[in-house]
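S.K.: So the sequences go chain by chain: C and R.
Straight run, no breaks: the first sequence in the working numbering ends on number 364.
Straight run, no breaks: the second sequence in the working numbering ends on number 364.
The following block contains the structure, expressed as structure tokens.
2 protein chains.
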Amino acid sequence: MSVTSKSIHVKNIPHAVPQVEDFETISEEINIEDENLLKENELLIELQYVSVDPYLRGRLQTFHNNVVQTLGIAKVISSKNKNFNKDDTVTGVFPWKQYSVTDGKTIQPATKDLIAGNKHIDKTLWLSTLGMTGMTAYQGLFEVGKCEEKENVLVSGAAGAVGMVVGQLAKKVKNCHVVGIAGTNEKCQHLIKDLSFDSALNYKDYNNNSKLLQADLKKAFPNGIDLYFDNTGGFITESVWDLLNKNARVLICGQIANYNHINNIPKIDDFLFKLIYKHIRVEGFIVYDFKNHEEFYKNMLKWVNEKLLVSKETIVEGFDNIPKAFIGLFSGENTGKMVVDCRIKK
Amino acid sequence: MSVTSKSIHVKNIPHAVPQVEDFETISEEINIEDENLLKENELLIELQYVSVDPYLRGRLQTFHNNVVQTLGIAKVISSKNKNFNKDDTVTGVFPWKQYSVTDGKTIQPATKDLIAGNKHIDKTLWLSTLGMTGMTAYQGLFEVGKCEEKENVLVSGAAGAVGMVVGQLAKKVKNCHVVGIAGTNEKCQHLIKDLSFDSALNYKDYNNNSKLLQADLKKAFPNGIDLYFDNTGGFITESVWDLLNKNARVLICGQIANYNHINNIPKIDDFLFKLIYKHIRVEGFIVYDFKNHEEFYKNMLKWVNEKLLVSKETIVEGFDNIPKAFIGLFSGENTGKMVVDCRIKK
């Protein structure tokens, strides 16, 4: 039986917001019953559901003049691969193509049996709550963010695929105080009424003014913010810094506010974006929080006594010169530690 | 015996770089042999060494019209406190005052016996390598930064009190590749020759141009940077972001480049500064690094099956609408996960 199989390619690499015209649909005929269609180990799949996600914006150029590939759900039509049988439902990375021949290597092995064993669950959940975005929420909140019971949690992009799971996990699993930021009043109502968020703010009410948003966030968080799960970046994120509590964690998951800007991204946005792909951690700290004094003195005294560590001091003489010594720090007059010897000469 | 005891007060709160005139020296007469000088539990101390540190810049206003207090080393002259005896050498927070009466509460109890037991060590080391700045280096590199063997470590403010210890610990204890940034060629030579740094750059050679500095840092780190210990902020820090490796850590310890600026601090510098006092962690992450799939499916399936988690999807119909659905993400057309149902109607 010969059928038409359409596929979607990237024709132009967009410079700002992508347009429908940047994509092209190509049709080909395929005989899905041809016995020679599949080589050993191959299988024929029919695409059922496709996941579209913001991260794809940054990957479009890799598909230039080629078919796009993203996560999806497919049904196995025929198989010469011992791991898959006709009618299996599978998830994995698939081309945007109605029928594809694949060797199965991009299929996620973990989900096939889970899907078969949970037929009552809507299939699309394997792309959302039980898919990559749900996994991102779980990883960010629990593994990276180490969310604790009853913390104060803010989620930007809260009505998005990741945000909706983050907020619910924080609220329903960790009993947190959870506030979401979204882009319409309907979404805000949805967060509160359907997803049990404590409150929600519509960022479009604030006209890109981080001070105004900050004032309302302050009301929404009388005890400050312990964990900020950031899916958006931009002025929303800027409004958060002054509301963070001691030992707060800021999880940079997405920066959709800037995905379509090529130029003129503020330095701080550019910086935050860079943290994501390399899983970079930036952490401020202060010695007053350090408690392992015993370990410190034990190790450091050993290294000092072994003369492993060299100590350099810039010693300024005389009590009266204390202010001068202090001021000299800012023009780099010290090498090593600046100390004033203020012993009284007798 | 009546002696003159001088003390140093903050007369004016400086707006930019502090000046000697912002401080005032006041003299008083004190009879250090007067039997009524000390009440029960009090002791008389003579100040020997004073530590001056950049953090004090931010605290000056708290000492307005009052005597400054910082870390120092003092000798006990007389004592009615059972924990301290005449001639003990103690460290702690002391007023900038030649003779002070204190109840001993600001004395650090841990160091008194350590100092007595290590008389061969120069006393000033208790303010440097074995003092607060050494502790800061130790905490930042090992506890917060989790520095591993043979990592690539960059230290700004490397010839300062904290930086010199950080670099040596990374090099001599963890066998790292260590590069320092300092402000004179002499300091750079000192880092390499005396402190065993692998190389050093003089930031004043780069005229505040982060791209130029970045180019030389790239040469100094052929394998990228795993750990950046930041004591300065400013253009030095800006030059580092693009050179960081996967799972890099950036430790924000000091931002001396901005301590004397009240206005016009770039947003990113202001942001980094804020991380310090509250010990805030900002961490980017990406789901491809997540490995606990088994735990994820076990917990999430349970919560989905219990209907604890609500899943919201925006389902767009039809294969041809995949690009439109994708583009809609950037104008917030989705609530929850955006999925395209592209099943072929038969």
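Backbone N, C-alpha and C define an ideal beta-carbon position, used for all residues, glycine too.
1) By the three-class DSSP mapping on this structure, what secondary structure does R:S228 have?
2) What are the residues of the stretch 58-89 of chain C that lie near chain R, defined by any Cβ-Cβ distance shorter than 9 Å?
3) Taking C:I139 as the reference, give the member of R:N323, R:G354, R:T353 and R:T332 with the closest Cα.
4) At a CB-CB cut-off below 9 Å, which residues of chain R make contact with C:T154?
5) Within the same chain, show all residues whose beta-carbon is closer than 6 Å to that of R:V258, passing over the 5 residues directly before and after it, in chain order.
6) Could you check if C:N84 is buried or exposed, using at least 16 other CB atoms within 10 Å of its CB as the buried criterion?
7) Do C:T154 and R:F308 have their C-beta atoms closer together than 9 Å?
8) Locate the beta strand (DSSP E) running through R:Q66, then write down its first and last residues.
9) Residues in the stretch 119-132 of chain R with C-beta within 7 Å of chain C's C-beta atoms, listed in sequence order?
10) For R:M153, does the three-state DSSP call read helix, strand or coil?
11) Any idea what DSSP makes of C:Q87, helix, strand or coil?
12) Residues of chain C with CB closer than 9 Å to the CB of R:A218, please, in chain order.
13) Are C:V357 and R:V180 touching if we call contact CB-CB under 9 Å?
14) Which residues mark the beginning and the end of the alpha helix (DSSP H) in which R:Y295 is found?
15) Note down, in chain order, each residue of its chain lying with its Cβ closer than 7 Å to the Cβ of C:K115, except the 5 sequence neighbours on either side.
16) Is there at least one Cβ from chain C nearer than 9 Å to R:S20's Cβ?
17) Closer than 9 Å, CB to CB, is R:F41 near chain C or not?
18) For the stretch 279-296 of chain C, which residues have a CB atom closer than 7 Å to at least one CB atom of chain R, in sequence order?
19) The beta strand (DSSP E) spanning R:E46 covers which residue range?
20) Give me, in chain order, the residues of the same chain whose beta-carbon lies closer than 8 Å to that of C:Y277; leave out the 5 immediate sequence neighbours on both sides.
21) What residues in its chain sit with their C-beta under 6 Å from that of R:I333, if we drop five residues either side in the sequence?
22) With DSSP collapsed to three states, give me the class of C:I304.
23) Per DSSP, what kind of secondary structure is C:D338 in: helix, strand or coil?
24) Could you pull the DSSP bridge partners for R:K24 from this structure?
25) Starting from C:Y224, find everything on chain R with Cβ-Cβ shorter than 8 Å and list it in chain order.
26) I need the straight-line Cα distance from C:H311 to C:P32, nearest angstrom please.
27) Pull up the CB-CB distance for C:Y67 and C:T142, whole angstroms please, since I reckon it's below 8 Å.
28) For the beta strand (DSSP E) holding C:Y277, just list the boundary residues, first then last.
29) By the criterion of Cβ-Cβ separation under 7 Å, what are the contact partners of R:T2 in chain C?
30) Mapping DSSP to helix, strand and coil, what is R:P368?
M.R.: A quick look at the data gives this:
1) helix
2) E64, L65, Q66, Y67, V68, S69, V70, D71, P72, Y73, L74, R75, V86 and T88
3) R:N323
4) F303, I304, V305 and F308
5) Y246
6) exposed
7) yes
8) L61 to S69
9) A128 and L132
10) helix
11) strand
12) Here the premise fails: no neighbours, minimum Cβ distance about 12 Å.
13) no
14) K285 to Y295
15) S23, S25, L65 and V85
16) no
17) yes
18) P284, K285, I286, F289, K292, L293, I294, Y295 and K296
19) F41 to N49
20) P72, R75 and G76
21) V357 and D359
22) coil
23) helix
24) R:S45
25) None at all; the shortest Cβ gap to chain R is about 15 Å.
26) 56 Å
27) 6 Å
28) Where C:Y277 is concerned, there is no enclosing beta strand (DSSP E), given that its DSSP letter is neither H nor E.
29) This structure gives no information on residue 2 of chain R, because the portion of chain R shown stretches from 19 to 364.
30) Past the edges of chain R, shown from 19 to 364, lies residue 368 of chain R, and the structure says nothing about it.
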